[in-house]
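Student: For the sequence shown, this note's numbering begins at 40 and goes up steadily by one. This is the structure I want to talk about, given as structure tokens.
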Amino acid sequence: MSFENGSAAIWPSAGLFLASFLLLGYRIWPVIFFGDIIAEYVHLYPNDLLASSLISVWDTVDSLVASFLINRLIKHRNILERSGDTFKFLVLLVPTPVVGTTLAATTLCLRNITPWTAYAELWRSWFTALIGGALVVTPMLLTWFQKSGKQERLNRDKIIELALLLLSLITISRITFWQGYPVEYMIVPLLIWSAFRFGQRESTLLVVIVSAIAVFTTARGVGAFAKLGSVNQSLLLLQSFIGVVAITTFILCAVINENRKAQATLKRTNDDLEQRVQERTQQLSQALETADAAKVAADSANKAKSEFLANMSHELRTPLNGILGYAQILRRSEPLTEPGFHGIDIIYQCGSHLLTLINDVLDLSKIEAQKMELHPIEFHFPSFLEGVTEICRIRAEQKGISFIYQGDARLPVGVRADEKRLRQVLINLLGNAIKFTDKGSVVFRITSQPVVNQAQEQSAIYKIRFEVEDTGVGMAKEQVEKIFLPFEQVGDIKKQAEGTGLGLAISSKIVSLMNSQIEVQSELGKGTSFWFEVELPNVPDWAEAARLSQQGIISGYQGRKQKILVVDDKWENRSVIVNLLAPIGFELAEASNGQEGLDQAMQWQPDLIITDLIMPVMHGLELIKHLRQSPQLKNVVVLASSASVFETDQYKSLDVGANAFLPKPVQMDSLLDLLCKYLQLEWVYQEISDQAIASSPDPMLAEAIAPPALEVLNHLYQLVKKGDVYGIVDQANQMKQQDHTLVPFAQKLIHLAENFQLNPLREFIKEYLANP
40 MSFENGSAAI
50 WPSAGLFLAS
60 FLLLGYRIWP
70 VIFFGDIIAE
80 YVHLYPNDLL
90 ASSLISVWDT
100 VDSLVASFLI
110 NRLIKHRNIL
120 ERSGDTFKFL
130 VLLVPTPVVG
140 TTLAATTLCL
150 RNITPWTAYA
160 ELWRSWFTAL
170 IGGALVVTPM
180 LLTWFQKSGK
190 QERLNRDKII
200 ELALLLLSLI
210 TISRITFWQG
220 YPVEYMIVPL
230 LIWSAFRFGQ
240 RESTLLVVIV
250 SAIAVFTTAR
260 GVGAFAKLGS
270 VNQSLLLLQS
280 FIGVVAITTF
290 ILCAVINENR
300 KAQATLKRTN
310 DDLEQRVQER
320 TQQLSQALET
330 ADAAKVAADS
340 ANKAKSEFLA
350 NMSHELRTPL
360 NGILGYAQIL
370 RRSEPLTEPG
380 FHGIDIIYQC
390 GSHLLTLIND
400 VLDLSKIEAQ
410 KMELHPIEFH
420 FPSFLEGVTE
430 ICRIRAEQKG
440 ISFIYQGDAR
450 LPVGVRADEK
460 RLRQVLINLL
470 GNAIKFTDKG
480 SVVFRITSQP
490 VVNQAQEQSA
500 IYKIRFEVED
510 TGVGMAKEQV
520 EKIFLPFEQV
530 GDIKKQAEGT
540 GLGLAISSKI
550 VSLMNSQIEV
560 QSELGKGTSF
570 WFEVELPNVP
580 DWAEAARLSQ
590 QGIISGYQGR
600 KQKILVVDDK
610 WENRSVIVNL
620 LAPIGFELAE
630 ASNGQEGLDQ
640 AMQWQPDLII
650 TDLIMPVMHG
660 LELIKHLRQS
670 PQLKNVVVLA
680 SSASVFETDQ
690 YKSLDVGANA
700 FLPKPVQMDS
710 LLDLLCKYLQ
720 LEWVYQEISD
730 QAIASSPDPM
740 LAEAIAPPAL
750 EVLNHLYQLV
760 KKGDVYGIVD
770 QANQMKQQDH
780 TLVPFAQKLI
790 HLAENFQLNP
800 LREFIKEYLA
810 NP
């Protein structure tokens with residue numbers, strides 16, 4: 040459709056040519072070329088075949104160039120699928136008609152069809168008409184005739200919506216282009232509506248319809264654009280309107296199409312993820328079922344292990360109760376020679392160590408469950424070290440190797456720590472050193488350094504370093520890396536059979552609970568050194584906790600005679616307690632099971648009952664329940680005693696009404712503390728004998744020690760300077776035989792010499808040399 044001056048708003052053939060090349064390929068060019076010559080010659084230039092031919096060449100060449108560039112730069116033929124492709128298409132439409140438009144305008148002027156004075160106006164109108172035709176027609180043809188994805192079919196609701204859209208479009212077009220009201224851009228929302236609600240085909244078709252209506256009415260001189268004074272102005276505004284409508288619609292279509300594809304991709308991804316989640320959930324459910332089955336099996340195995348450990352604990356602790364109990368009885372009540380007294384101490388120490396080993400095996404389950412805890416107490420540190428040293432010295436002497444103890448004169452007298460766990464670590468390290476040393480020596484070295492507490496301005500904490508050094512087989516680097524693992528044993532196969540491989544693993548865990556770490560340095564064939572440092576609080580008033588032993592041997596108590604009933608199915612357990620308490624003045628009775636104990640308690644009315652937990656006929660927990668339900672016995676003091684190490688047994692006994700729990704093997708000090716607490720007793724002590732003074736290593740008793748002659752002291756001092764501890768021991772034994780008054784001095788010499796405490800030994804002799 041052309042205007043009065045022959046100009047056209049859009050050139051549909053430009054869009055048709057470009058779409059044909061894009062859809063059918065370049066082979067269609069001859070058909071398009073000759074068809075365009077006929078059209079040009081018949082309708083536009085009937086008297087000039089050359090002009091018609093040249094213009095057809097320029098038109099088709101423009102479309103060929105544009106199709107070539109679009110094929111090269113836009114991989115997807117449907118230019119409305121992606122916003123990036125749409126943008127490229129719009130950009131490529133601008134430069135491609137430049138050459139063809141220039142040649143066509145020049146041809147018309149040369150053939151005198153158009154005057155040269157109208158060249159600029161001819162070039163502009165030709166150029167915009169070509170762009171308009173390609174912009175409006177090409178996208179419509181591509182979307183309708185190009186193979187693309189599945190098109191959405193219009194349902195009843197969509198058909199009604201499309202009818203309303205067309206009705207609105209016709210109404211606005213009539214108001215704008217027939218009645219001349221300037222509301223033409225109200226069509227843009229309708230095209231946006233179409234882009235969102237319908238597909239690309241409907242939207243591009245509406246763009247063609249709107250463009251056709253606008254061109255038709257404006258060329259006929261009606262509408263908002265025809266009322267302007269200049270045809271060129273009307274044409275320019277019309278072309279701008281068509282460009283805005285087309286570009287807006289096409290960009291919206293591309294963006295909406297991308298969004299829909301993204302949503303579809305997201306939906307597929309979500310569906311895939313949901314499917315994977317379902318598969319993983321099913322796999323997880325199967326895995327959980329397998330894990331549940333494994334857990335049930337593990338729980339069953341753990342229960343069986345716990346029952347086995349409980350039974351073995353009870354069976355092992357029962358004979359130990361007799362060993363340790365009678366060791367305490369003999370040590371307190373029987374008149375013994377000094378070697379006999381020393382032997383009883385060794386029996387007690389070894390039995391205690393065996394008890395510790397049993398507990399260590401049971402503690403493995405606590406380590407696995409991360410439930411091991413420390414229970415610090417206040418104790419006499421030198422006595423503790425002496426006990427550890429004496430146990431290990433015996434082992435070393437049995438192997439024929441030297442055991443050297445090097446103590447620090449600055450060690451605190453009283454400390455607060457978990458005595459049991461610290462002894463366990465030291466005996467394990469020393470025991471390993473002795474086990475893997477066949478010749479040479481094992482050195483137990485302790486150094487101490489006070490840590491100043493700034494708040495109290497005094498030394499309240501000591502950093503103590505424990506070091507065990509041996510001249511044994513040593514270890515390679517790869518062996519050192521594995522020694523702290525459970526059940527890992529290195530070294531001689533024969534020596535591995537002597538242990539379980541748990542000692543170092545348990546010791547490492549205990550030391551870590553003390554906020555420290557066991558360090559090791561070893562060289563294969565030359566020996567090994569273990570050490571760790573711990574900070575222990577100094578306890579100056581430790582003597583209050585040990586007041587019983589310092590005040591003397593308990594020989595009785597003040598007040599009326601107290602009656603104690605011992606209920607236990609093992610006679611040896613009852614015998615231990617009876618023999619421990621009878622010499623002190625308690626009246627004791629025995630029962631072999633809970634029912635017998637309940638009957639005897641009803642008749643005898645004891646002040647305190649010590650009952651085992653595991654017994655035939657009636658067990659201890661049931662006995663305690665009956666006692667608490669009895670009006671006559673509900674207030675009697677009950678001590679639950681058991682060889683079980685499981686805390687649940689202790690809690691059960693306390694829950695049913697026991698006043699306290701007394702673990703087996705029974706420790707005399709613990710038993711007496713409980714009796715003193717619940718029976719409100721005041722002990723009567725026997726004075727410390729001269730023999731006890733002589734055998735005591737306590738420095739506080741030094742005033743009672745009588746020294747030998749000055750020449751003997753000088754001889755002893757020379758032996759100390761030479762380090763001849765064996766000569767000192769021989770000299771001390773001679774002194775004991777020659778003069779009874781020198782027994783305390785000789786005993787002190789023997790104690791320091793056997794422990795290789797050379798510095799304290801030197802200071803001890805120098806003290807008497809300075810004050811003869």
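Built from N, CA and C at the ideal position, the CB exists for glycine as well. Just so it is clear, the structure is predicted and the values come from calculations on it, not from any experiment.
Quick check: what's the CA-CA separation for residue 607 versus residue 390?
Tutor: Between residue 607 and residue 390, the C-alpha separation is close to 21 Å.
Student: If you run the structure through DSSP and keep just helix, strand and coil, what is residue 754?
Tutor: Three-state DSSP puts residue 754 in a helix.
Student: Determine the extent of the beta strand (DSSP E) in which residue 568 is found, giving its start and end residues.
Tutor: Its beta strand (DSSP E) spans residues 566-576.
Student: Please say whether residue 177 and residue 54 have beta carbons closer to each other than 8 Å?
Tutor: Yes, the Cβ-Cβ distance between residue 54 and residue 177 is below 8 Å.
Student: Pick helix, strand or coil for residue 502, following the three-state DSSP scheme.
Tutor: Of the three classes helix, strand and coil, the one that applies to residue 502 here is strand, per DSSP.
Student: CA-CA distance, residue 91 and residue 198?
Tutor: Approximately 45 Å, taken between the alpha carbons.
Student: Grouping DSSP H, G and I as helix and E and B as strand, with all else coil, what is residue 701?
Tutor: Here residue 701 sits in strand by DSSP.
Student: Would you report the Cα separation of residue 242 and residue 229, rounded to the nearest angstrom?
Tutor: Residue 242 and residue 229: Cα-Cα distance of roughly 10 Å.
Student: Just checking my contact of residue 226 with residue 284 at CB under 8 Å: how many whole Å lie between their CB atoms?
Tutor: Confirmed, Cβ separation roughly 7 Å.
Student: Cα separation between residue 711 and residue 722?
Tutor: Taking the straight line joining both Cα atoms gives about 10 Å.
Student: Decide if residue 551 is buried, meaning its Cβ has at least 16 other Cβ atoms within 10 Å, or exposed.
Tutor: So residue 551 ends up on the exposed side.
Student: Only counting the same chain, and skipping five residues up and downstream in sequence, which positions put a Cβ closer than 6 Å to that of residue 618?
Tutor: Result list for residue 618: 368, in chain order.
Student: With a CB to CB cut of under 8 Å and the five nearest residues on each side skipped, what residues in its chain are close to residue 656?
Tutor: Contacts found: 632, 633, 634, 635.
Student: Name the residue from 465, 451, 523, 567 whose alpha carbon lies nearest to the alpha carbon of residue 490.
Tutor: Residue 490 has its Cα closest to that of 451, out of 465, 451, 523, 567.
Student: May I ask you to report which of helix, strand or coil DSSP gives residue 51?
Tutor: Helix, per DSSP.
Student: I'd like to know if the region 499-508 and the region 560-569 are in contact, where contact means that at least 3 CB-CB pairs between them fall below 8 Å.
Tutor: At 8 Å Cβ cutoff, the stretches touch.
Student: Does DSSP put residue 452 in a helix, in a strand, or in coil?
Tutor: Residue 452 falls in the coil class under three-state DSSP.
Student: By DSSP, does residue 533 sit in helix, in strand, or in coil?
Tutor: A caution first: residue 533 carries a pLDDT of 43, below 50, which makes its placement in the model unreliable, though a value can still be read off. Residue state, collapsed to three classes: helix.
Student: Does residue 742 pass the burial test, meaning 16 or more other C-beta atoms within 10 Å, or should it be called exposed?
Tutor: Residue confidence for residue 742 is low, a pLDDT of 41 falling below 50, so the modelled location carries little weight; the figure read from the coordinates is stated next. When all chains shown are included, residue 742 counts as exposed.
Student: Taking its Cβ as the centre, do 16 or more other Cβ atoms sit within 10 Å of residue 256, making it buried, or is it exposed?
Tutor: So residue 256 ends up on the buried side.
Student: Report, in whole angstroms, the separation of the C-beta atoms of residue 571 and residue 560, which I expect to be a contact under 8 Å.
Tutor: Rounded, the Cβ-Cβ distance is 12 Å, inconsistent with contact.
Student: Hey, would you say residue 615 sits closer than 8 Å to residue 361, going by beta carbons?
Tutor: For residue 615 and residue 361, yes; Cβs fall inside 8 Å.
Student: Using the C-alpha atoms, what's the distance from residue 628 back to residue 613?
Tutor: Cα to Cα, the separation comes out at about 9 Å.
Student: Using only alpha-carbon positions, find the residue among 138, 162, 136 that is nearest to residue 148.
Tutor: The residue with the shortest Cα to Cα distance from residue 148 is 162.
Student: Could you work out which residue in 453, 481, 286 is closest to residue 435 when comparing CA atoms only?
Tutor: Per the Cα distances, 481.
Student: Are the CB atoms of residue 234 and residue 288 nearer to each other than 8 Å?
Tutor: Yes; because the gap between Cβ atoms is below 8 Å, this pair is in contact.
Student: Between residue 785 and the rest of its own chain, which residues show a CB-CB distance below 6 Å, the 5 nearest in sequence each way excluded?
Tutor: The answer, listed in chain order, is 771, 774, 775.
Student: With DSSP as the reference, label residue 478 as helix, strand or coil.
Tutor: Reduced to three states, the DSSP call for residue 478 is coil.
Student: On the three-pair Cβ rule with 8 Å, is the region 88-105 touching the region 137-145?
Tutor: Enough Cβ pairs lie closer than 8 Å, so yes.
Student: What would DSSP say about residue 584, mapped onto helix, strand or coil?
Tutor: With a pLDDT of 44 at residue 584, under the threshold of 50, the modelled position of this residue cannot be trusted, and the question is left open.
Student: Tell me which same chain residues have a C-beta within less than 8 Å of the C-beta of residue 448, skipping the five on either side of it?
Tutor: If we look at residue 448 and ignore the five residues flanking it on each side, its Cβ neighbours are 798, 799, 802.
Student: Thinking C-alpha only, which one of 437, 413, 470 is nearest residue 427?
Tutor: Taking only the C-alpha atoms, the option nearest residue 427 is 470.
Student: Ignoring anything shorter than 3 residues, give me the beta strand (DSSP E) runs that lie fully in the region 103-144, in order along the chain.
Tutor: Whole beta strand (DSSP E) segments, 3+ residues: zero.
Student: For residue 489, which beta-bridge partners are listed by DSSP?
Tutor: Looking at the DSSP assignment, residue 489 forms a beta bridge with 501.
Student: Straight-line CA distance for residue 376 to residue 768?
Tutor: So the two alpha carbons sit approximately 19 Å from each other.
Student: Please determine, among 516, 57, 88, the residue with the shortest C-alpha to C-alpha distance to residue 106.
Tutor: If we check each option's Cα against that of residue 106, 57 comes out closest.
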